[in-house]
Amino acid sequence: MTSFHRTINLSICHVDSRGATWQIDDERVQEGRECSREFRIDPRVPHRVTVEVWRDRKEMVMEGIEAVKMFWLASVGDSFSSGQGNPGSGRHMWLDEPCYRSTLAFPYLVAQSIPNSALSFLSCSGSTVDNGVLSQLDTLQHLISSYGSPPDSLLLTIGGNDIGFSDVISMVQRDSKVDDKFDMRFFFVSHQIDRVARKLRDMKISKVILVTYYDITKNDKGEVDPSCGAFGQVSKANLQLAEKRILQRLNSLLRRKAAEHGWITVDTMEMFRTRGLCSSRSLIRTKNESLVLQGNEYGSFHPNGEAHRLISREVLRIINN
Numbered sequence: 001m002t003s004f005h006r007t008i009n010l011s012i013c014h015v016d017s018r019g020a021t022w023q024i025d026d027e028r029v030q031e032g033r034e035c036s037r038e039f040r041i042d043p044r045v046p047h048r049v050t051v052e053v054w055r056d057r058k059e060m061v062m063e064g065i066e067a068v069k070m071f072w073l074a075s076v077g078d079s080f081s082s083g084q085g086n087p088g089s090g091r092h093m094w095l096d097e098p099c100y101r102s103t104l105a106f107p108y109l110v111a112q113s114i115p116n117s118a119l120s121f122l123s124c125s126g127s128t129v130d131n132g133v134l135s136q137l138d139t140l141q142h143l144i145s146s147y148g149s150p151p152d153s154l155l156l157t158i159g160g161n162d163i164g165f166s167d168v169i170s171m172v173q174r175d176s177k178v179d180d181k182f183d184m185r186f187f188f189v190s191h192q193i194d195r196v197a198r199k200l201r202d203m204k205i206s207k208v209i210l211v212t213y214y215d216i217t218k219n220d221k222g223e224v225d226p227s228c229g230a231f232g233q234v235s236k237a238n239l240q241l242a243e244k245r246i247l248q249r250l251n252s253l254l255r256r257k258a259a260e261h262g263w264i265t266v267d268t269m270e271m272f273r274t275r276g277l278c279s280s281r282s283l284i285r286t287k288n289e290s291l292v293l294q295g296n297e298y299g300s301f302h303p304n305g306e307a308h309r310l311i312s313r314e315v316l317r318i319i320n321n
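The numbering of the sequence shown is full-length UniProt numbering, which starts it at 1 and goes up by one.
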């Protein structure tokens with residue numbers, strides 16, 4: 001669970017005085033000759049610290065100091081937002097190994113770039129709406145109940161595991177036609193997104209930032225290209241079908257649902273338009289890279305560290321506007 005409490009040190013040592021009485025909100029906490037004082041506060045809410053400064057002739061000066069409000073960011077979703085494929089260095093490769101939560105993931109990078117912020121990093125690799133996302137929102141609801149108000153912004157990645165990206169990759173590698181095999185899944189994903197939207201509305205989260213999925217299929221020229229071998233034995237025709245009928249269709253659904261529910265969209269399509277697996281400037285983690293970095297193949301076909309940095313900049317631009 002996220003801890004929002006922070007320790008701050010306030011000083012009046014620059015003031016010529018015989019002592020002081022310190023009060024935070026309505027509670028008098030200390031009286032004496034000390035010219036500085038530490039307070040443990042919840043910076044999500046404003047606090048007022050009042051200092052009664054004792055002068056030489058017993059005159060008393062009141063000085064008010066108001067704590068800065070903290071920015072609360074939450075992240076809910078799947079391996080895209082957890083940072084799968086991007087382990088940290090040293091002994092602690094992951095913030096949470098079962099979920100593959102990374103300090104190199106864009107939600108973490110966004111939080112690090114916002115002064116006085118706290119991150120509820122709940123995204124977990126492998127999550128679908130039923131098996132992960134709704135539980136993450138339940139955890140977030142408990143945090144909201146504890147602290148009295150919702151996050152300032154929520155980052156959301158949703159739909160990839162519900163539509164079955166891993167099935168798509170497996171099918172194109174087996175040279176199975178993916179055309180028309182996913183129609184019912186899109187109806188299901190649309191319904192699942194609406195379930196999440198109702199829950200977010202009940203939680204009164206006003207700023208939801210939905211990040212669309214990345215395109216792994218394009219080369220430097222922006223063409224669908226399996227020729228580098230990173231996809232395995234995949235025909236160009238099948239890869240083109242997967243890109244058009246699955247990825248483009250899912251992202252169109254996500255953009256439409258975001259508009260329906262008043263969410264803000266970060267569209268990654270242009271970012272990855274010439275930087276797929278077979279690009280010389282690829283933003284996608286290969287199978288070999290995943291094996292070297294994290295000892296398994298789970299990180300393959302996910303955005304690499306550079307991609308997460310680029311996405312974090314787009315998210316920050318929206319948050320700061």
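We treat Cβ as the ideally placed atom computed from N, Cα and C, and that holds for glycine.
The structure displayed is predicted, hence computed values, not measured ones.
Backbone secondary structure at residue i - three-state DSSP
i, result
"S312", "helix"
"D78", "coil"
"E63", "Low per-residue confidence applies at E63: pLDDT is 49, beneath 50, and the placement is therefore not dependable, though the value from the model is reported in the following sentence. E63: strand per DSSP, three-state reduction."
"F186", "helix"
"S290", "helix"
"L283", "coil"
"E297", "coil"
"I319", "helix"
"I193", "helix"
Residue i beta carbon near the ligand MG (any heavy atom closer than 6 Å)
i, result
"F186", "Of ligands this structure carries none, so the ligand MG is not represented either."
Close beta carbons around residue i, own chain, < 8 Å, minus the five adjacent residues each side
i, result
"V266", "I209, L210, V211, T212, I311, E314, V315 and I318"
"R273", "D215, K218 and G222"
Spatially closest choice to residue i from the options, by CA coordinates
i, options, result
"I264", "H92, L143, G83 and L254", "L254"
"E306", "F182, S145, I284 and Y147", "I284"
"L140", "G88, L73, S170 and R101", "L73"
"G164", "S252, Y108, F182 and F39", "F182"
"Q84", "M93, Y100, M70 and K69", "Y100"
"V292", "R40, M93, Q23 and D42", "M93"
"D220", "R281, I169, G19 and K207", "R281"
"V129", "P115, A197 and P98", "A197"
"E270", "F231, P226, W22 and Y214", "Y214"
"T268", "S279, P303, S206 and K257", "P303"
"S279", "S290, V234 and A230", "A230"
"P150", "M184, F106 and S206", "S206"
"C228", "N131, S113, L277 and V133", "L277"
"D202", "L134, S166 and L250", "L134"
"G222", "R275, K199, H261 and L104", "R275"
"S89", "Y147, S113 and L104", "L104"
"P98", "C124, Y147 and P107", "C124"
"R185", "L200, N131, G148 and L250", "L250"
"G132", "S82, G148, K69 and R256", "S82"
"G126", "G148, S166, G232 and R91", "S166"
"G232", "G148, S170, Y147 and F187", "S170"
Sequence-distant residues of its chain with Cβ nearer than 7 Å to residue i (five each side left out)
i, result
"V224", "T217, K218, K236, L239, Q240 and E243"
"L109", "H308, R309 and S312"
"E87", "In the sequence as displayed, the identity of residue 87 is Pro instead of Glu. Result list for P87: M93, W94, S102, L293 and Q294, in chain order."
"L122", "A74, S75, V76, Q136, T139 and L140"
"D25", "H47 and R48"
"M62", "Residue confidence for M62 is low, a pLDDT of 43 falling below 50, so the modelled location carries little weight; the figure read from the coordinates is stated next. Only T50 and E52 meet the Cβ criterion."
"S153", "L73, K207, I209 and I319"
"H261", "A197"
Beta-carbon proximity list for residue i, same chain, < 6 Å, skipping 5 on both sides
i, result
"N321", "none"
"N161", "D78 and T128"
"A111", "L73, S117 and L119"
"A258", "L210 and T265"
"K287", "E297 and S300"
"F71", "I114, S117 and D152"
"K204", "P150"
Short CB-CB distance (under 7 Å) between residue i and chain C
i, result
"E289", "Among the chains of the structure shown, chain C does not appear; only one protein chain is present."
Hey, is the region 241-249 in contact with the region 187-196, meaning 3+ C-beta pairs nearer than 8 Å? no
Looking at C-beta atoms only, is the number of pairs between the region 289-306 and the region 232-242 that lie closer than 8 Å three or more? no
Runs of beta strand (DSSP E) wholly within the region 217-279 (minimum 3 residues, chain order): Here the runs fully enclosed are 264-266.
Mind listing, in chain order, the continuous alpha helix (DSSP H) runs of no fewer than 4 residues lying wholly within the region 122-171? 133-147 and 160-163
Can we say the region 145-161 touches the region 76-85, given the rule of at least three CB pairs closer than 8 Å? yes
Taking only runs that begin and end inside the region 80-118, name each unbroken beta strand (DSSP E) of 3 or more residues, in chain order. DSSP runs (the beta strand (DSSP E)) wholly in the region 80-118: none.
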